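First comes the structure, then the notes that go with it.
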Amino acid sequence: MDKIIIENLNLFYGDFCALKGINMTIRANEITAFIGPSGCGKTSLLKSINRMNDLIEGCIINGRILLDGESIYRDVDINLLRKRVGMVFQKPNPFPMSVYDNVAFGPRTHGIRSKLKLDDLVEKALRQAAIWDELKDRLKKSALELSGGQQQRLCIARALAVQPEVLLMDEPTSALDPISTLRIEELAVDLKKDYTIIIVTHNMQQAVRIADSAAFFLNGELIEYSGAQELFSIPKDKRTEDYITGRFG
Amino acid sequence: MRSRFDEQLKLLKTQMIQMGALCETAISNATKALTDGDMELAKRAIAADEDIDQKEKDIENICLRLLLQQQPVAGDLRQISSALKMITDMERIGDQAADIAEITMLANIKTTNNTNHITEMAEATIKMVTDSIDAYVRQDLRLARAVIEYDDHVDNLFDMVKLDMIRLINEDADNGEYAIDMMMIAKYFERIGDHATNIAEWVEFSITGRHKGEVENDLLCGG
Chain A
59 MDKIIIENLN LFYGDFCALK GINMTIRANE ITAFIGPSGC GKTSLLKSIN
109 RMNDLIEGCI INGRILLDGE SIYRDVDINL LRKRVGMVFQ KPNPFPMSVY
159 DNVAFGPRTH GIRSKLKLDD LVEKALRQAA IWDELKDRLK KSALELSGGQ
209 QQRLCIARAL AVQPEVLLMD EPTSALDPIS TLRIEELAVD LKKDYTIIIV
259 THNMQQAVRI ADSAAFFLNG ELIEYSGAQE LFSIPKDKRT EDYITGRFG
Chain B
5 MRSRFDEQLK LLKTQMIQMG ALCETAISNA TKALTDGDME LAKRAIAADE
55 DIDQKEKDIE NICLRLLLQQ QPVAGDLRQI SSALKMITDM ERIGDQAADI
105 AEITMLANIK TTNNTNHITE MAEATIKMVT DSIDAYVRQD LRLARAVIEY
155 DDHVDNLFDM VKLDMIRLIN EDADNGEYAI DMMMIAKYFE RIGDHATNIA
205 EWVEFSITGR HKGEVENDLL CGG
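Top to bottom, those sequences are chains A and B. Residue numbers for the first sequence follow this note's numbering, so the first one is 59 and each next one is one higher. Residue numbers for the second sequence follow this note's numbering, so the first one is 5 and each next one is one higher.
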């Protein structure tokens, strides 16, 4: 099933065109990897999907992004959009508060006050992020005391607590050690049955390991988009082959 | 940017050429032993089997190191994985050249006017082995496909050898043992042709990313 449809999307930062005529369809319950050299536009596109670019001065977007058939740039409550489309960033960014309050933050923002309901949401999110067993006795402790890998899984739990449909992950493991990286990758694969996941990564092997589909961007253009196995074994465009085999970038 | 990787791939190609050359020499020596009765060449073909086995291990190590260190994708991955498959066929070619030489030595036989088709088979299979390795090194799809097609020629020659041997036995029952030995040798040449075909099919995969049948199916399906 198609979850997100991007049509003729152009994105400008002032005069600079960062994304040029992007057309692509992202399927539900799959992991889609965005790859490409720095500055190719992949993070700009990721941020367009939950309108994080609205916060950037001079950023102009034209074209359409449809979430379940509805344009996210027209008549959409932006808070509701960001509830439906959660985001996890490159560097773990827990709030300077307890583990519990970090996870409960989103649901509280969306008006949930019942302690019972919040307890339930926090436990469910921490379990989904595969960190409940490690943190269930430390819920009142500061999130800043956790390791980098734990902090990132906590941030994933925080994103999941508002029960989104899509999870955007911007290089979520680039600051983590290999063990933590593998745990996040396994987590992403577990989560895709309930969520649509888009991940920006510079780690080709990570994309090979976890992605169902992969899109290669270069200079703001979508060069190639196909099944991940196909893209990494038989890329159709020479630029894709040159990039993924390390001939440039 | 990836000069070390490119150097390692170059080394892999060089080693593949060397293993191919060892196989060609082994078949050629076994063939000459058979046609000229030169048992020294038969001994060399048998001894070459060890060198070919060693070369297989060396290439396997290079491939495993490349997979571990470079984590290749796309064309690089196909080239390395194809090499890993191809060396198994090349190793078998070495075995079969040694088997031909062994029969030649033990039975102390040589070709006659009645066994010209075996000589033709030998020449054809040497050509197939040479061309299949060349196709890999030059990544030449047309040459790889020519090798695959040429296998039919070897199979036809094998059928002719069979008829030749039946005729020999019919002419004189005492020719039976000679005919059976020659038939076994012809079968080894036929198998060498099959292994060269396998190599060429892996070359095709390393270039296109698809196996022979898949390419044809894709074309039929308009893919």
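Glycine included, C-beta positions come from ideal geometry on N, C-alpha and C. All values derive from a computational prediction rather than experimental measurement.
Minimum C-alpha distance to Leu110(B) - residue among Tyr192(B), Leu38(B), Thr201(B), Ala52(B): If you number the second sequence from 1, residue 110(B) lands on position 106. For Leu110(B), the nearest C-alpha among the options comes from Leu38(B).
Residue of Thr18(B), Arg48(B), Ala200(B) minimising C-alpha distance to Ile66(B): Counted from its first residue, the second sequence places residue 66(B) at position 62. Residue Thr18(B) is the option with its Cα nearest to Ile66(B).
For Asp228(A): DSSP bridge partner residues: If you number the first sequence from 1, residue 228(A) lands on position 170. According to DSSP, Asp228(A) bridges with Val258(A).
Partner residues on chain B for Ile292(A), Cβ-Cβ distance less than 9 Å: In the first sequence, residue 292(A) corresponds to position 234, counting from 1. Within chain B, the residues near Ile292(A) are Ala78, Gly79, Arg82, Thr212, Gly213, Arg214.
4-residue-minimum alpha helix (DSSP H) runs that sit fully inside the stretch 66-151 of chain A, ordered along the chain: Entirely contained in the stretch 66-151 of chain A, the alpha helix (DSSP H) runs reaching 4 residues are, in chain order, 100-107, 136-142.
Coil, strand or helix - Lys173(A) by DSSP: The residue you call residue 173(A) lines up with position 115 of the first sequence. If DSSP states are grouped into helix, strand and coil, Lys173(A) belongs with the helices.
Residue range of the alpha helix (DSSP H) that includes Ala190(B): Within the second sequence, residue 190(B) is the residue found at index 186, counting from 1. Its alpha helix (DSSP H) spans residues 180-212.
Helix, strand or coil at Leu71(B) according to DSSP, with G and I counted as helix: Here residue 71(B) is taken as the residue at index 67 of the second sequence, counted from 1. Judged by DSSP in its simplified three-state form, Leu71(B) adopts helix.
Whether Gly197(B) touches Thr134(B) by CB criterion (8 Å): On the second sequence, residue 197(B) is found 193 positions in, with the first residue counted as 1. On the second sequence, residue 134(B) is found 130 positions in, with the first residue counted as 1. Taking 8 Å as the Cβ cut-off, Gly197(B) and Thr134(B) do not qualify as a contacting pair.
Contacts of Gln287(A) in chain B (Cβ-Cβ under 8 Å): As a first step, residue 287(A) must be located in the first sequence, where it is residue number 229. Under the 8 Å cutoff, chain B gives no residues; its nearest Cβ is about 10 Å from Gln287(A).
Neighbour flag for Glu316(A) against chain B, beta carbons, 8 Å: What is shown of chain A runs 59 to 307, which leaves residue 316(A) out entirely.
Contact the stretch 103-115 of chain A vs the stretch 126-140 of chain A: 3+ CB pairs below 8 Å: yes
Chain-ordered chain A contacts of Gln75(B) [CB-CB under 8 Å]: Walking along the second sequence from the start, residue 75(B) turns up at place 71. Here the neighbours are Met262, Gln263.
Contact with chain B by Glu282(A), beta-carbon distance below 8 Å: Taking the first sequence and counting its residues from 1, the one referred to as residue 282(A) is at position 224. Not one chain B Cβ lies under 8 Å of Glu282(A).
Three-pair Cβ contact test at 8 Å for the stretch 110-125 of chain B versus the stretch 33-50 of chain B: yes
Distance CB(Phe9(B))-CB(Gln74(B)) smaller than 8 Å: Residue 9(B) sits at position 5 when you count from the first residue of the second sequence. Residue 74(B) sits at position 70 when you count from the first residue of the second sequence. A contact, by the Cβ cut-off of 8 Å.
Residue-level contact to chain B via CB, Ile302(A), 8 Å cutoff: What you label residue 302(A) is simply residue 244 of the first sequence in a count that begins at 1. Chain B, which has a Cβ nearer than 8 Å to the Cβ of Ile302(A), makes this yes.
Closer than 8 Å to chain B by CB, Arg267(A): Here residue 267(A) refers to the residue found at position 209 of the first sequence. So no, Arg267(A) is outside the interface.
Minimum Cβ-Cβ distance from Glu299(A) to chain B less than 8 Å: Locating residue 299(A) in the first sequence gives position 241, counting from the first residue. Using beta-carbon distances, Glu299(A) counts as an interface residue toward chain B, with a partner under 8 Å.
Contacts of Arg6(B) in chain A (Cβ-Cβ under 9 Å): Here residue 6(B) corresponds to residue number 2 of the second sequence, with the count starting at 1. Residues of chain A passing the Cβ test: Thr303, Gly304, Arg305.
Close Cβ partners of Leu124(A) (< 6 Å) along its chain, the five nearest in sequence each way excluded: Against the first sequence, residue 124(A) aligns to sequence position 66. For Leu124(A), where only same-chain residues beyond five positions count, the Cβ hits under 6 Å are Ile63.
Residues near Asp55(B) in its chain [Cβ-Cβ closer than 6 Å; skip 5 each side]: Position 51 of the second sequence holds residue 55(B). Leu26, listed in sequence order.
Cβ neighbour criterion (16 or more within 10 Å) applied to Val141(B): One-based indexing of the second sequence puts residue 141(B) at position 137. Burial call: exposed.
Ala139(B) versus Trp206(B) - alpha carbon distance: In the second sequence, residue 139(B) corresponds to position 135, counting from 1. In the second sequence, residue 206(B) corresponds to position 202, counting from 1. Linking Ala139(B) to Trp206(B) through their CA atoms gives a straight-line distance of about 10 Å.
Beta-carbon spacing of Leu276(A), Pro95(A) below 8 Å: Taking the first sequence and counting its residues from 1, one reaches residue 276(A) at position 218. Taking the first sequence and counting its residues from 1, one reaches residue 95(A) at position 37. A contact, by the Cβ cut-off of 8 Å.
Amino acids of chain A, ordered along the chain, whose beta-carbon sits closer than 7 Å to that of Phe209(B): If you number the second sequence from 1, residue 209(B) lands on position 205. Simply none; closest approach about 10 Å.
Assigned exposure category for Ile50(B) - 16 Cβ within 10 Å defines buried: Indexing the second sequence from 1 puts residue 50(B) at position 46. Within 10 angstroms of the beta-carbon of Ile50(B) lie 16 or more other beta-carbons, which makes it buried.
Thr101(A) and Asp80(B) closer than 8 Å at C-beta: In the first sequence, counting from the first residue as 1, residue 101(A) sits at position 43. In the second sequence, counting from the first residue as 1, residue 80(B) sits at position 76. No, the pair does not count as a contact, with Cβ atoms beyond the cut-off.
Cβ-Cβ distance between Ala183(B) and Met169(B) below 8 Å: What you label residue 183(B) is simply residue 179 of the second sequence in a count that begins at 1. What you label residue 169(B) is simply residue 165 of the second sequence in a count that begins at 1. Their beta carbons are under 8 Å apart, which means Ala183(B) touches Met169(B) by this criterion.
Beta-carbon neighbours of Phe193(B), restricted to chain A and to distances below 8 Å: What you label residue 193(B) is simply residue 189 of the second sequence in a count that begins at 1. Simply none; closest approach about 35 Å.
Contacting positions in the stretch 9-20 of chain B - beta carbon closer than 8 Å to chain A: Phe9
Glu11(B) burial status per 10 Å Cβ neighbour count (16 or more: buried): The residue you call residue 11(B) lines up with position 7 of the second sequence. A residue is called buried once 16 or more other Cβ atoms fall within 10 Å of its Cβ, and Glu11(B), having fewer, is exposed.
Neighbour-count burial assignment, Asp73(A), 16 or more Cβ in a 10 Å radius: Here residue 73(A) corresponds to residue number 15 of the first sequence, with the count starting at 1. Exposed.
Straight-line gap, Leu289(A) to Lys175(A) (C-alpha atoms, nearest Å): Locating residue 289(A) in the first sequence gives position 231, where the first residue counts as 1. Locating residue 175(A) in the first sequence gives position 117, where the first residue counts as 1. Distance between the alpha carbons of Leu289(A) and Lys175(A) is about 44 Å.
CB of Leu71(B) within 8 Å of CB of Ile84(B), strictly: Residue mapping note: residue 71(B) aligns to position 67 of the second sequence, counting from 1. Residue mapping note: residue 84(B) aligns to position 80 of the second sequence, counting from 1. Yes, the pair counts as a contact, with Cβ atoms nearer than the cut-off.
Alpha helix (DSSP H) segment containing Tyr253(A), residue limits: Here residue 253(A) refers to the residue found at position 195 when the first sequence is read from its first residue. Counting along the chain, Tyr253(A) falls outside any alpha helix (DSSP H), and DSSP gives it neither H nor E.
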